[in-house]
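Report on the following structure.
Protein chains: 2
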Amino acid sequence: MGKRPTSHDVARHAGVSQSTVSFVFTGRAGISTATREKVLRSAEALNYRPNLAARSMRTQRTGRLAIVIPFPGLSLGSLLEGAVTTAREAGYTVELVNLSQDAEALAQEVDAVLSSFEYEGVLSFSPIPTPRSSSAASAPAFLALSEFDEEMHATGAFSDAHPLVEMMEHLVGLGHRRFLHIAGPSDYPAAVARRDAYLATVDRLGLESVGVVGGNWSGIHAGNCVRELPDDLPPLAIIAANDVLAAGAIRAAVQRGWSVPEDVSVTGWDDLPLSLHFLPSITTVSQDRQRLGAYAMRRLVAAIRGDGAPEPETHLQQVIWRESVAPPRT
Amino acid sequence: MGKRPTSHDVARHAGVSQSTVSFVFTGRAGISTATREKVLRSAEALNYRPNLAARSMRTQRTGRLAIVIPFPGLSLGSLLEGAVTTAREAGYTVELVNLSQDAEALAQEVDAVLSSFEYEGVLSFSPIPTPRSSSAASAPAFLALSEFDEEMHATGAFSDAHPLVEMMEHLVGLGHRRFLHIAGPSDYPAAVARRDAYLATVDRLGLESVGVVGGNWSGIHAGNCVRELPDDLPPLAIIAANDVLAAGAIRAAVQRGWSVPEDVSVTGWDDLPLSLHFLPSITTVSQDRQRLGAYAMRRLVAAIRGDGAPEPETHLQQVIWRESVAPPRT
DNA sequence: CGCCGTTTCTACTACGTATTACTAAGACGT
DNA sequence: ACGTCTTAGTAATACGTAGTAGAAACGGCG
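In order, the protein sequence lines correspond to chains A and B.
Residues 1 to 330 (the UniProt record's numbering) make up the first sequence, in order.
Residues 1 to 330 (the UniProt record's numbering) make up the second sequence, in order.
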């Protein structure tokens, strides 16, 4: 039960020889349809997957490719760099698997990856539905950024959105009282954490909140939200959940005649390559994505080995003050 | 000679048993220093690397991890998505390997990857020095974007920078005569291709070129170049090698009082997420990075199988007209 | 000189698969 | 009925490693 089934097990179950099973799986001719289906049914029943290591030993082919990425990656997010480096140091190799966008297919694919016997651990950097009870037998460690995120939030280390609080307090120090939040989609824990931090800070400091708008990562949509605001609103401080939303908001504000930052201050998140050159340059939060990736991988490896969780990283995020923030026009 | 050496070969060469070789490589105690060094010397002489498939078959551990990426990637560049999907369809698995930035270490690491016997093919999306004569014995296929790039250029399909010509001709049609090119680093074939296309077009259409400046991918540097231009230059059309350079240029132009696009038209390349929201929004070239990644992978797989090169992709790039381009102020 | 303990090495086996060589069973023409 | 050809399946083997059990060499001690 606890062991991974082999082609011998399938053969025994189906009442044929191991060779026959192998022929079925390699698609060789000379197998009757009846036998083939019998074998496939047995394989299904036992949850059999060919062992790729054994196969590649026999065929003398690895079936593996590498994509090498030089360190200053193609805006891969240094996330992968950090993760891959850490995995390598721990003696692991990292494979890339991509998934479809459709929710149902995605769940199925994740399940396939987890039950493929090919991986000792699986890491996801984006919110993914927790896989259905991975068939108890030796399931690989699974770590999704969503849990990760929430846990970090709980421990106050990462997506706890503390920089957002820091930015709001600074804006209040400059004289701002009226705020607007442009939020990201609610299935992104980071987006939720930022929204919650915004609401909590409004509450704690007794500020005026014009509302929470947005709900996706579209800069166009963010711009539309700004266009719908009443004319007499400024001075206003807009806290956007990332730089794309901030950029869309700035553009819409300028287009309706509000000057940034004199009438409207705006903050973003992510420090995209163009944020520095924007007009005005965007105040944002830069994340040390490489260290974040490394940390996520350390956690996964610890989970595999049954070690306790490693020390959480701190100072992974930093506010970068730029031109899009100023005291409100008096 | 043509075969990959095994621990048996090393044992024979060193005059010990295979077990001893295995013990040396797994670091087990109970091996005298003399024997250990003898084994290591033999292994070095034969270029031996443990066969990971055999090892993982024996140990029942794969040593492999996966990073799953959902389709609308984290601005991974859809490049990887396309490549991974294509590889999977061809029956391959894709591993991520990262390299250091230092040129010498990098060359050594690439060499290690190529001679590790672990990969049937290796793909690089960035310019990487062609590896030293990969020890003739069954070297894996290697495809670097640099060659790729240059070849595509030769066949007129990809980095042939044709969109750049299209943009310049359009600008001429609007009435522009005076041009400036902000180039990328000369070790990026794409950057070179764009510069060459610029120069050729200036020549062909008898335009006035203020010069070719730049030389790296820094937006700040691009801005400095624009700041050094003479005051009475506009009207001017700036052709930047990518959007970051374009953004830096726009920012510097606006800061010195030139309005964009009335005084200065600017074009970029890449269609970054913020380019659409920029003030003014940046005319750029969008690349179908997913198809590009898929094509690169098809080529790699074809090289492995000894097939001829697949049909080159066309229409991978498209000019996106935006606000940063207009007729020159009269 | 024989006994024991330690160190150092070797012979052998199992891991799970693909594939070659072979056998059994029909199908068919004469 | 007999030999031949085709089809469907099986037995046996090799791939390269790690590790178990055991052998050989060696030194110390009585």
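Glycine included, C-beta positions come from ideal geometry on N, C-alpha and C.
| query | According to a CB-to-CB cut-off of less than 7 Å, which residues of the stretch 83 to 101 of chain B neighbour chain A? | reply | A83, V84, T85, A87, G91, Y92, T93, V94, E95, L96, V97, N98, L99, S100, Q101
| DSSP state of B:L123, grouped into three classes? | strand
| message | So, with DSSP's three-state summary, where would you put B:I31? | response | coil
| field | Environment of A:A11 [buried if 16+ CB atoms lie within 10 Å] | value | buried
| said: So within the stretch 265 to 329 of chain A, which uninterrupted beta strand (DSSP E) runs reach at least 3 residues, ignoring any that extend past its ends? | reply: 284 to 287, 317 to 320
| query | Once you ignore the five residues that flank B:S78 on each side, which residues in its own chain have a CB closer than 7 Å to its CB? | reply | R289, Q290, G293
| said: Only counting the same chain, and skipping five residues up and downstream in sequence, which positions put a Cβ closer than 8 Å to that of B:A141? | reply: E120, G121, V122, L300, A303, I304
| field | A:L233, DSSP secondary structure in three states | value | coil
| task | Look at the alpha carbon of B:T283 and the alpha carbon of A:P5, and state the distance between them as a whole number of angstroms. | result | 57 Å
| request: Would you mind sorting B:L164 into buried or exposed? The rule is 16 or more other CB atoms within 10 Å of its CB. | output: buried
| Cβ-based burial, B:N47 [other Cβ within 10 Å; buried from 16] | exposed
| request: Kindly indicate which three-state DSSP category B:H181 falls into: helix, strand or coil? | output: strand
| Where A:E120 meets chain B, residues with beta-carbon distance less than 9 Å | R61, T62, G63, R64, L65
| query | What distance in whole Å lies between the Cβ atoms of A:L272 and B:T273, which are believed to be in contact at a cut-off of 8 Å? | reply | In the sequence as presented, Thr is not what sits at residue 273 of chain B; that position holds Pro. At roughly 7 Å, the Cβ-Cβ gap stays under 8 Å, so B:P273 and A:L272 are in contact.
| request: Report yes if the C-beta distance between B:L245 and B:G215 is below 8 Å; otherwise report no. | output: no
| query | Residues of chain B with a CB under 7 Å from the CB of A:D187: which are they? | reply | Under the 7 Å cutoff, chain B gives no residues; its nearest Cβ is about 12 Å from A:D187.
| What is the DSSP secondary structure of B:T93, counted as helix, strand or coil? | strand
| task | Check the C-beta distance from A:V84 over to B:N98 and give it rounded, since I have them as a contact under 8 Å. | result | 5 Å
| field | Whole-angstrom C-beta distance between A:V172 and A:L199, which should lie under 8 Å | value | Their Cβ separation, rounded to whole angstroms, is 15 Å, which puts A:L199 and A:V172 out of contact at 8 Å.
| Taking buried to mean at least 16 other C-beta atoms within 10 Å of its own C-beta, is A:Q287 buried or exposed? | buried
| request: Compare the C-beta of A:A190 with all C-beta atoms of chain B and state if any pair is closer than 8 Å. | output: no
| query | Beta carbon of B:T93, beta carbon of A:R64: below 8 Å? | reply | yes
| message | Taking the alpha-carbon of B:F117 as reference, which of B:P50, B:Y188, B:M297 has the nearest alpha-carbon? | response | B:P50
| Is the Cβ-Cβ distance between A:R329 and A:P235 less than 8 Å? | yes
| Residue-chain proximity (B:E81, chain A), Cβ-Cβ < 8 Å | yes
| Going by other Cβ atoms of all chains shown within 10 Å of its Cβ, with 16 needed for buried, is B:P230 buried or exposed? | exposed
| Using a Cβ-Cβ cut-off of 7 Å (strictly less than) and excluding sequence neighbours within five positions of A:E262, which residues of its own chain qualify? | A326, R329
| For B:V210, the first and last residue of its enclosing beta strand (DSSP E) | 208 to 214
| task | For A:P310, count neighbouring Cβ atoms within 10 angstroms of its own Cβ and tell me buried if that reaches 16, exposed if not. | result | exposed
| said: Against chain B, does A:P234 count as a neighbour if the rule is that its beta carbon must be under 8 Å from one of theirs? | reply: no
| How about B:V254: is its C-beta nearer than 8 Å to some C-beta of chain A? | yes
| message | Using beta carbons (cut-off 8 Å, strictly below), is A:H8 in contact with chain B? | response | no
| CB A:A191 to CB A:P185, shorter than 8 Å? | yes
| message | Taking the alpha helix (DSSP H) that B:F117 belongs to, which residues open and close that run? | response | Here B:F117 belongs to no alpha helix (DSSP H), and DSSP marks it neither H nor E.
| task | Measure from the C-beta of B:H277 to each C-beta in chain A and report whether the shortest distance is under 8 Å. | result | yes
| 8 Å CB neighbourhood of B:N242 in its chain, flanking five on each side removed | G184, W217, G268, W269, D270
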